[in-house]
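As structure tokens, the structure follows; a few thoughts come after it.
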Amino acid sequence: MAVGLFAHCLTKVRNSGGFLCGYLFGLGKYGVGASWIYVSIHVYGNAPPLLAGFLVVLFVAGLALLPAFFGWLISRFFKGAAPLVWALAFALLWTLHEWVHMWVLSGFPWLLLGLTQLGTPIEAFAPLAGVLLTTFASALSVAALVSALLQSQARTACVALVIAPWVLGLALWRIEWTEQDETIRIALAQGSVPQEIKWQPEHLAFSLDTYDSLMDAAWDADLIILPEAAIPQSSQAAGDYLATIEARALASDTSVIVGIPQVVRDNRDDDARWVFQNTAQGFGLAEGVYAKRHLVPFGEYVPLESVLRGMIDFFDLPMSHSKPGAIEQAPLRITHQGESVDVAIAICYEIAYPNLVSSAAAHPGLLVTISNDAWFGRSIGPWQHFEIARMRALEQGRYLARATNNGVTGVIAPDGRILSLLEQDAREVLRAEVGLMRGATPFKRFDHTWLIVLMSLSIGVLAWRQGGTSPITRQELP
């Protein structure tokens, strides 16, 4: 609905009017959709309300520039285009502008249009070329509908374009791109350790005891997963505790994946220092260490550190001195019935990046993401994060297990359906039986690079042809 109203607005304006229309749309989109950032800055970063509000406004104002630029491009180059051309240009540019969101200034691939199509026939495009193809199908249907409502000429063709993505999506829905092999029993531990005390040394025993008791009830599972930084001290300092987990896991023939920071030496400059890496480590029948590759600005590292560090508590959060892991890492592996199975790991924010998840393991049997969304309280942030995880399961055609500190912890099927959930803030273990998958979706094989190239060439051709069209032959939208 919102994108449709935005598209309608763009048919009425030109040039700077398109920029303003896009900027206002962006302010509304991110002002509401990313409002959860205020919680982490004010509640857990201890910034005063006015300062926290100012930082959120600054963040939203910056993000809104991308839809503003999109609006300018549409109104500058395609104002007065024939209805079908305008609809196609809108969908192409919208998709490319969401792609830019995935990488500019480290990326913020949040609130993508394609995510709204989970549970509809259009989600079936995701295994082909990822969330961006679902975005394109959605935007094309919306833009064609606007053209059909506002322009009598070519109305039949526009209506056909509205319907086409849904019909094709229904056909694609029947295709199973991957196959299930063996099944395993998994247990996801949700400790619900309050964020206010999580990193305080005097409360360390509480965290350790909490996860001890949760694991006590789960040693009959094939795989136990603890969330991001479940153990709030370095793996070096927690050696004895981890040795106990290793011994119990081996005695139970169980694989355990634990979210825990480790301390490493940072040699990126002359003044070498010790820094954290945010890791997932395997114990028992699980082996390997995965270090988070894509860090969160301000949460795990501070841009312009020499200027900002120490100004307010938010710029000195726990784990904000982190170092990213290597781009190429060996996947974590678990042993099930004597066979080694690769597990693709994504830690927290990494699940928002389709290609990052896809590159985590060449042939994973299972997707696992661990997170600590307590930073965002009871806001909409944790649920948005969970919806993003659903899209990754759909793109990869694999079961996805998501373990978090206080929710949303859940298990997702290869088709994106939610299989089971824990209540937020519950201190429980979620048990499920999931399949180990084999085979690969087209997106897993080819990612979305070809789609971006094709769309870039297409919009270039449309803009060139539109630029050479006489105003007399253009079919102005009212």
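The sequence shown begins at 2 in my numbering and counts up by one. Quick reminder that beta carbons are idealized off the backbone N, C-alpha and C, glycines included.
Determine the direct distance from the alpha carbon of residue j to that of residue i, and round the result to whole angstroms.
i, j, result
"ALA292", "CYS22", "42 Å"
"GLY19", "VAL265", "49 Å"
"TRP111", "ALA218", "36 Å"
"THR12", "ALA130", "29 Å"
"LEU74", "ASN16", "8 Å"
"ALA125", "ALA390", "16 Å"
"GLY468", "ALA88", "16 Å"
"ALA464", "VAL160", "23 Å"
"PHE377", "VAL257", "27 Å"
"PHE55", "TYR31", "14 Å"
"VAL33", "VAL57", "11 Å"
"THR410", "ALA363", "25 Å"
"SER380", "ILE371", "19 Å"
"ARG1", "TYR354", "Look at the range of the chain in this structure, 2 to 479, and you will see that residue 1 is not part of it."
"ASN356", "ASP448", "7 Å"
"LEU395", "GLY81", "38 Å"
"ASP426", "LYS199", "14 Å"
"PHE277", "PRO325", "9 Å"
"THR255", "ALA48", "43 Å"
"CYS349", "GLN154", "49 Å"
With DSSP as the reference, please indicate the residues paired to residue i in a beta bridge.
i, result
"ILE348", "ILE371"
"PHE277", "VAL264, SER323"
"ALA287", "ILE335"
"ILE185", "VAL435"
"GLN282", "VAL259, VAL290"
"VAL430", "ALA190"
"LEU422", "GLY411"
"ASP343", "ARG334"
"GLU180", "ARG439"
For residue i, tell me which candidate among the options has the shortest Cα-Cα distance.
i, options, result
"TRP220", "ASN279, ALA252, VAL194", "ALA252"
"LEU215", "ASP448, SER359, ALA92, VAL430", "VAL430"
"ALA230", "GLY260, ALA402, LYS80", "GLY260"
"SER107", "LEU458, HIS295, GLY461, THR336", "HIS295"
"SER341", "PRO84, ALA188, GLY285, PRO415", "GLY285"
"MET2", "SER142, GLY366, GLY46", "SER142"
"GLY289", "ILE328, ILE346, SER323, HIS337", "ILE346"
"GLY408", "PHE387, GLU396, ALA394", "PHE387"
"ILE352", "ILE176, VAL132, GLU247, ALA158", "VAL132"
"VAL194", "LEU64, ILE413, PHE207, GLY115", "PHE207"
"HIS322", "LEU452, ASP267, ARG334", "ASP267"
"ASP241", "LEU209, LEU224, THR255", "LEU209"
"ALA62", "PHE78, SER36, PHE79, THR135", "SER36"
"GLU99", "ILE123, LEU119, GLY72, ALA188", "GLY72"
"ALA361", "ALA327, GLU203, VAL44, GLY339", "ALA327"
"LEU150", "LEU85, GLU247, GLY436, LEU455", "LEU85"
"TRP384", "TRP95, LEU116, GLU183, ILE123", "LEU116"
"GLU180", "LEU6, PRO365, ALA144", "PRO365"
"LEU420", "SER459, LEU94, ILE187", "ILE187"
"VAL454", "PHE70, LEU67, LEU134, ILE413", "LEU134"
"ILE460", "ARG403, PRO128, PHE78, ILE176", "PHE78"
"TRP166", "MET438, ALA127, LEU189", "A small correction: the amino acid at residue 166 is Pro; Trp does not occupy that position in the sequence shown. Among MET438, ALA127, LEU189, the Cα nearest to that of PRO166 is on ALA127."
Under the assumption that residue i contacts residue j (Cβ atoms under 8 Å), give the Cβ distance between them as a whole number of angstroms.
i, j, result
"SER236", "GLN263", "4 Å"
"ALA8", "PHE91", "6 Å"
"THR405", "GLN191", "6 Å"
"GLY398", "PRO415", "5 Å"
"ALA1", "TYR24", "Because the chain in this structure spans residues 2 to 479, residue 1 falls outside the shown range and cannot be described."
"VAL14", "SER76", "5 Å"
Segments of 3+ residues assigned as beta strand (DSSP E) that fall wholly inside the segment 220-256: 224-226
Ordered list of beta strand (DSSP E) runs contained in the segment 375-408, each at least 3 residues: 401-405
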